[in-house]
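In the numbering used here, the protein residues as written are 1 to 776.
What follows is a single structure, written as structure tokens, with notes after it.
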């Protein structure tokens with residue numbers, strides 16, 4: 001770089017010489033004039049004056065020349081200093097790793113360094129060229145990434161901006177960052193930085209990250225149980241895990257990365273028939289497939305195909321064989337009795353309903369409902385144990401299947417009660433079948449080395465003569481069964497329903513009348529049974545509120561007796577209002593006493609959903625006592641739901657929206673349909689005590705408990721086991737991760753005063769000690 005430096009035209013030596021010549025010329029001229037003039041005084045005087053003037057002028061001229069000489073010396077010194085500064089600047093610019101260029105205010109190149117020329121591959125000097133001329137050379141030479149004018153126009157636009165910064169990938173493969181700034185004088189400074197190494201390092205880093213992530217991804221997908229494969233839009237295999245070949249029993253040589261799906265499909269055509277529309281829309285494709293792995297085994301595999309943005313697919317294969325078997329088992333349990341394998345009450349009611357509907361279409365037919373109850377079955381449980389009792393029930397079930405008519409429909413309705421539906425020709429035919437069942441039933445059976453003789457009583461009702469509703473028929477046959485129990489001969493222990501049997505309900509009617517006076521007379525009171533956390537530092541979770549009736553003449557009347565009467569009579573709403581208000585008041589009293597919001601569960605009956613909306617009662621109670629809804633829980637039975645599924649779901653959703661928790665009580669004993677379970681806004685399932693009581697006695701009963709615990713885990717529901725009466729039962733439930741328990745082993749139901757004394761006044765450590773060993 002050679003900057004231009006202007007120099008002065010004034011040479012002091014030449015100027016002095018020139019002045020000497022002038023003075024000499026004047027003197028010569030003066031002498032010539034003197035030689036031609038007279039020696040007069042005037043001439044002399046004139047000459048003297050001229051001489052003085054010349055000397056004075058000469059003296060002044062010398063002074064001026066000396067000043068000029070000094071100025072010239074200073075100027076030359078300044079010029080030397082500028083040349084040195086420019087040389088130093090030029091050297092510094094040349095030492096830059098970046099390309100440097102400077103344009104003047106007319107956009108011409110004033111200076112540039114070698115790096116700048118090297119970047120653009122300029123061979124000749126470009127000083128004085130305008131920017132557009134420089135730009136044309138870069139485009140013509142092909143140094144820039146693009147040889148067309150679009151790149152030229154873009155650079156010209158950026159250059160004209162006051163400040164700009166951009167990055168370009170040149171044709172040679174190098175990356176250049178161009179930064180331009182305009183000075184106050186209008187000059188343009190350009191810095192061209194080669195960032196190729198930075199870009200390459202970034203590329204290598206990204207490639208390393210991709211490689212690392214690829215390895216991590218492959219390791220991750222290899223570690224999961226599902227088989228995974230990824231295809232591009234052309235059906236080329238991009239990735240897979242080891243499970244893809246092992247689960248599907250595919251040869252590895254046709255499942256390599258880069259293989260075509262056409263090579264794999266012949267080995268498992270059923271798994272790769274993925275719909276074409278997946279290639280053009282984001283749609284998750286799912287279907288279960290029965291897949292034959294080899295000649296000896298098969299799997300149920302769920303295939304899911306997930307389209308990718310590039311129109312490829314991610315396909316997953318999940319072995320759901322165990323889940324399918326489990327679902328089949330759950331469905332079987334939903335319609336069959338867990339112990340005997342007979343149809344359960346739910347399927348019996350469903351079959352009865354369908355049969356009754358068929359009778360309406362054909363009035364010439366009728367059916368008989370035989371309600372069998374085993375006599376004194378409780379004695380077997382009490383003397384030989386529940387395990388022996390269960391075996392008796394199984395043997396009775398086998399005999400019913402063996403000795404009932406071929407077209408009979410048999411079910412265990414609960415406990416030691418069984419139902420048999422028979423297509424009857426006439427009443428005598430029904431009698432013959434009933435006597436045959438009773439005769440075979442009384443035959444001795446061998447149970448655990450003991451010879452047991454069991455008798456039964458059968459109540460018979462005929463449809464459509466005695467009723468056209470399943471519940472009416474069951475009630476009629478139940479009444480007839482109690483009449484049959486009065487007979488002595490085992491062959492005669494059957495009875496047909498008749499209207500006179502309704503007299504048996506007179507006493508129940510009296511209880512109904514007494515119920516009307518029970519609330520005004522303050523005959524009801526509430527007791528509370530603790531619910532215990534099994535995996536928490538706070539063992540006391542809360543309480544279940546239970547109603548009790550102290551009749552002025554009968555003494556304590558079981559809820560199992562008066563609650564059904566209240567439900568059937570419609571008084572359940574008044575009774576429910578009293579329970580809800582009493583419990584709400586008690587929770588508020590505990591809160592005001594400093595015990596906090598005590599979690600309390602209230603039982604709701606099916607009739608409350610039939611006669612009214614329990615949501616209103618609960619809402620009024622919450623507002624009245626200022627309670628936190630989160631401390632409340634309602635318990636409902638399976639029958640509550642199934643007697644009106646849609647209405648129950650609607651009501652329960654309203655309750656849940658308030659923040660109140662919902663629990664299904666006595667789960668597994670009613671006739672629920674598992675297909676509705678996911679729709680229900682339920683928080684908790686309660687394992688009935690009939691299952692809990694068999695823990696440690698019968699593997700099948702423990703399997704039922706385990707199944708309910710697993711179901712709760714799958715559906716993310718809390719599980720509570722009720723009726724815990726032994727330490728072994730408690731330990732079993734702890735080991736199998738049951739959430740909460742309640743039962744007499746831990747505490748019997750108590751009054752509110754006793755609850756405060758026994759539990760609420762104690763510390764967490766005292767409660768842990770209390771519940772760890774059980775308490776009465």
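Even for Gly, the Cβ is constructed at its ideal location relative to N, Cα and C.
Predicted model only: the values in this text are computed from it and were never measured.
Please give the ranges of any beta strand (DSSP E) in the stretch 601-633, keeping only runs that are unbroken, at least 3 residues long and fully inside the region. none
Measure how close the beta-carbons of residue 534 and residue 701 come, nearest whole angstrom, since I'm counting them as under 8 Å. In fact, because the Cβ distance is near 19 Å, the residues do not count as touching under 8 Å.
Going along the chain, which residues of its own chain have a beta-carbon closer than 8 Å to the beta-carbon of residue 859, five neighbours each way excluded? This structure cannot speak to residue 859, because the chain is shown only from 1 to 776.
Under 8 Å, do residue 344 and residue 336 count as touching if we go by C-beta distance? yes
Can you list, in chain order, the stretches of the alpha helix (DSSP H) that have 4 or more residues and sit fully within the stretch 492-528? 506-518
Whole angstroms are fine: how far does the CA of residue 209 sit from the CA of residue 251? 31 Å
Could you please give me the residues that DSSP links to residue 99 through a beta bridge? 192
DSSP beta-bridge partners of residue 686: 720
Simplified DSSP state of residue 442, which is helix, strand or coil: coil
Taking the alpha-carbon positions, what's the residue 483 to residue 635 distance? 35 Å
Candidates 653, 659, 606: closest to residue 599 by CA position: 659
Member of 442, 362, 438, 666 whose CA lies at the smallest distance from the CA of residue 454: 442
Ranges of the beta strand (DSSP E) found wholly within the stretch 211-279, counting only runs of at least 3: 227-231, 237-240
What's the gap between the Cα of residue 539 and the Cα of residue 747? 13 Å
Would you kindly report the start and end of the unbroken alpha helix (DSSP H) that includes residue 412? Looking at the DSSP string, residue 412 is not in any alpha helix (DSSP H); the run it does join, the beta strand (DSSP E), is 409-414.
Nonlocal neighbours in the same chain, by C-beta distance under 7 Å from residue 257, ignoring five residues either side: 237, 238, 239
Starting from residue 331, trace the alpha helix (DSSP H) in both directions and tell me its first and last residue. 321-335
With respect to the beta strand (DSSP E) encompassing residue 736, which residues constitute its N-terminal and C-terminal limits? No beta strand (DSSP E) holds residue 736; DSSP gives it neither H nor E.
Return helix, strand or coil for residue 169, following the three-state DSSP convention. strand
Whether or not the stretch 582-597 and the stretch 622-633 are in contact is what I'm after, with contact meaning three or more pairs of Cβ atoms, one per stretch, closer than 8 Å; do they touch? yes
Skipping 5 residues on each side, what residues in its chain have a beta carbon closer than 6 Å to that of residue 551? 557
So for residue 531, helix, strand or coil by DSSP? strand
In whole angstroms, what separates the C-alpha of residue 90 from that of residue 78? 18 Å
If the criterion is Cβ atoms closer than 8 Å, does the pair residue 394 and residue 316 meet it? no
Exposure label - residue 769; buried when at least 16 CB within 10 Å: exposed
Pairwise C-alpha distance: residue 308 and residue 278: Low per-residue confidence applies at residue 278: pLDDT is 43, beneath 50, and the placement is therefore not dependable, though the value from the model is reported in the following sentence. Whole-angstrom Cα-Cα distance: 9 Å.
Beta carbon of residue 180 nearer than 8 Å to that of residue 163: yes
Quick check on the DSSP output: the beta strand (DSSP E) that includes residue 746 runs from which residue to which? No beta strand (DSSP E) holds residue 746; DSSP gives it neither H nor E.
Would you kindly check if the distance between the Cβ of residue 264 and the Cβ of residue 241 is under 8 Å? no
Span of the alpha helix (DSSP H) holding residue 586? 572-590
In three-state DSSP terms, what is residue 596? coil
Out of 677, 127, 188, point me to the one whose CA is closest to residue 105's CA. 188
Kindly indicate the opening and closing residues of the beta strand (DSSP E) around residue 701. Taken as a continuous stretch (DSSP letters only), residue 701 belongs to no beta strand (DSSP E), being part of the alpha helix (DSSP H) at 699-714.
State the CB to CB distance for the pair residue 367 and residue 374, rounded to an integer number of angstroms; the pair is presumed to be in contact (CB under 8 Å). Contact flag wrong, Cβ pair sits at about 23 Å.
Grouping DSSP H, G and I as helix and E and B as strand, with all else coil, what is residue 367? strand
DSSP three-state call for residue 659: helix, strand or coil? coil
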